[in-house]
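Position 229, counted from 1, in the sequence shown is what full-length UniProt numbering calls 229; the numbers after and before it change by one each time, with no gaps. Encoded as structure tokens, the structure appears first; notes follow it.
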Amino acid sequence: MSGGSDVSSPLSGRISTSSLSDLKDLEFSSESGCLSIVVLGASGDLAKKKTFPALFNLFQQGFIQSGEVHIFGYARSDMSDEGLRERIRGYLKGASDEHLSQFLQLIKYVSGSYDNGAGFELLNKTISENETSENNQPGNSRRLFYLALPPSVYPSVCKMIRSCCMTPSSHTGWTRVIVEKPFGKDLDSAEELSAQLGELFDEEQLYRIDHYLGKELVQNLLVLRFANRFFLPLWNRDNIDNVQIVFREDFGTDGRGGYFDQYGIIRDIIQNHLLQVFCLVAMEKPVSLSPEHIRDEKVKVLQSVSCINHDEVVLGQYDGYKDDPTVPNESNTPTFASVVLRVHNERWDGVPFVLKAGKALSSKKAEIRVQFKDAPGDIFRCKKQGRNEFVIRLQPSEAMYMKLTVKKPGLEMATEQSELDLSYGLRYQDVKIPEAYERLILDTIRGDQQHFVRRDELKAAWEIFTPLLHDIDAGRLKALPYQPGTRGPPEADELSKRMGYVPTLGYVWAPPTLAKF
1 MSGGSDVSSP LSGRISTSSL SDLKDLEFSS ESGCLSIVVL GASGDLAKKK TFPALFNLFQ
61 QGFIQSGEVH IFGYARSDMS DEGLRERIRG YLKGASDEHL SQFLQLIKYV SGSYDNGAGF
121 ELLNKTISEN ETSENNQPGN SRRLFYLALP PSVYPSVCKM IRSCCMTPSS HTGWTRVIVE
181 KPFGKDLDSA EELSAQLGEL FDEEQLYRID HYLGKELVQN LLVLRFANRF FLPLWNRDNI
241 DNVQIVFRED FGTDGRGGYF DQYGIIRDII QNHLLQVFCL VAMEKPVSLS PEHIRDEKVK
301 VLQSVSCINH DEVVLGQYDG YKDDPTVPNE SNTPTFASVV LRVHNERWDG VPFVLKAGKA
361 LSSKKAEIRV QFKDAPGDIF RCKKQGRNEF VIRLQPSEAM YMKLTVKKPG LEMATEQSEL
421 DLSYGLRYQD VKIPEAYERL ILDTIRGDQQ HFVRRDELKA AWEIFTPLLH DIDAGRLKAL
481 PYQPGTRGPP EADELSKRMG YVPTLGYVWA PPTLAKF
């Protein structure tokens, strides 16, 4: 396809020392020339709350610089350059007024529709004028389009980009497109969307973003598993009894009920975010850190997942969800789900993976909980206290800790549960942990697709969940009511118990603080 070659490389220029500087360990060839970043849907919530702040953080750390980058907002709203700058100013934190002003001056705004060529031709003209300015190297252009838009307009917007805004074939450089979830509502709609985008762009030009893959602790999973010798012989069905991957929110749909009701908690969280985490927990060791090698292994483990058994699914809907006037009175859309996945391969045969997500629950957190089997020969009579667990807290209070049985201090030979703890807030006090979006945008600039979803991976994910989702949509599985501020339907805890999960009695992990020392 025309539109410039797509070569993996970093953004040239000075890079300041920061938490993101470790990414320079990867070998990328040098690039030069104008970088144009276009945020489509620039007037929306996603753009102002996530996309522009991520770009600002990259600017603050020197990964994008005023001498070579131009940022363009595009939306239907009638607005000036200054109007967009003022709209996002309040979301850009942690910098001096001078630094903030420097960043805002990089932003220009173009107004136009999403299905008409006139607006995109104006956008292309504005981009081209900046690419040919005296400050930029002629004949080299890099164009990054971020679709902060509803998926219903993806096909028309991508057609306009393809027709009007590609990097000229006479130039060196590239064109890349970041696509936000949801990627369809089931297998057929996802495949239709993939086919439409595939007719317009090569796979190397498409970056299907799942922001969970940009989270620090999620990115740590491969290092933990494959760089630490003592995990290698333990990470299998001989030692692990069950795995829980949990996402909890302590608030409801908060005025987004009508939108949420079209998707539900499985499409919104489990089929993408939690399934990506599952892949990294369950996949085999890749040949290398090449993005394709890593994504090959993710596809393999997805293809090894057995059909979901209805007896191993619990759905819930919190009381008050249908009070939202935008939600139908007869809605069966789950706001809570607990789903068991089983992997049919040598490593994981017989080990249940429980993926659980819900809204309006008693706490807010996301974590992976790997529970090991009981130690044989319980000479200390401590089995009832709980099992060894390796817990990775993704958010909030990023941490990882190993729950162990230890001797309780004192004269008696008594045992209790304690932990070996790595809490990021304590261990890395002077390190700013990057937000997921800034990391993933930087990956896109560098042409690194490791943390993005490939087309066959997306298809394999939908093949797992589509039959279940169709049964829910048809009313063959009913959502059970639960009270807001609870753990969800009691049946979900009963399911975890049936899957072999043993709760630890009398033990609660508390993030350590400097005050304790």
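We treat Cβ as the ideally placed atom computed from N, Cα and C, and that holds for glycine. Given the structure is predicted, the values throughout are model-derived calculations rather than measurements.
Three or more beta-carbon pairs drawn from the stretch 260-278 and the stretch 338-358 are found closer than 8 angstroms, and the two stretches are therefore classed as touching.
The beta-carbon separation of G184 and L197, rounded to 11 angstroms, does not stay under the 8 angstroms limit for a contact. By the beta-carbon neighbour count (other beta carbons within 10 angstroms, threshold 16), G73 is buried. Within the same chain, F183, A190, S194 and R208 come within 7 angstroms of L458 by CB-CB distance, once the 5 residues on both sides are set aside. Approximately 29 angstroms separates the beta-carbon atoms of R248 and D349; this is outside 8 angstroms, ruling out the contact. In the DSSP annotation of this structure, the continuous segment of the beta strand (DSSP E) that includes Y207 starts and ends at L206 to I209.
In this structure, D115 keeps its C-beta atom at 9 angstroms or more from the C-beta atom of S77. DSSP places R248 inside the beta strand (DSSP E), whose first and last residues are I240 to R248. Runs of the beta strand (DSSP E) spanning 3 or more residues and lying entirely within the stretch 356-397 occur at 365-372 and 389-395, in chain order. No residue range can be given for L200, since it is assigned to no alpha helix (DSSP H) and is classified by DSSP as neither H nor E.
Distance from the CA atom of G410 to the CA atom of E416, rounded to whole angstroms, is 12 angstroms. In the displayed model, P490 falls within a helix according to three-state DSSP.
Runs of beta strand (DSSP E) with 3 or more residues, each lying fully within the stretch 85-158, are found at 107-111 and 140-147, listed in chain order. Taking a C-beta distance under 9 angstroms as the contact criterion, R143 and I107 do not qualify as a contact pair.
Apart from sequence neighbours up to five positions away, the residues of its chain that approach E389 with a beta-carbon distance below 8 angstroms are R369, V370, Q371, F372, M402, K403 and T504, ordered along the chain. Assigned with DSSP and collapsed to three states, K497 falls in helix. Annotation for E180: the continuous beta strand (DSSP E) segment containing it runs T172 to E180. Between the stretch 248-267 and the stretch 296-312, the count of Cβ pairs shorter than 8 angstroms is below three; the stretches do not touch. By the C-beta density criterion, Y501 is buried, having at least 16 other C-beta atoms within 10 angstroms. Rounded to whole angstroms, G475 and E463 show a C-alpha spacing of 20 angstroms. Taking 8 angstroms as the upper bound for CB-CB distance, K365 and P396 are in contact here, some 7 angstroms apart. Around the CB of V177, 16 or more other CB atoms lie within 10 Å, so the residue is classed as buried.
For the pair D430 and A399, the CB atoms are not nearer than the 9 angstroms cut-off. The three-state secondary structure of Y428, taken from DSSP, is coil.
A distance below 8 angstroms between beta-carbons, with the five flanking residues on each side excluded, links L200 to the following residues of its chain, in chain order: C158, K159, I161 and R162. DSSP places A75 within a strand segment (E or B) once states are collapsed to three.
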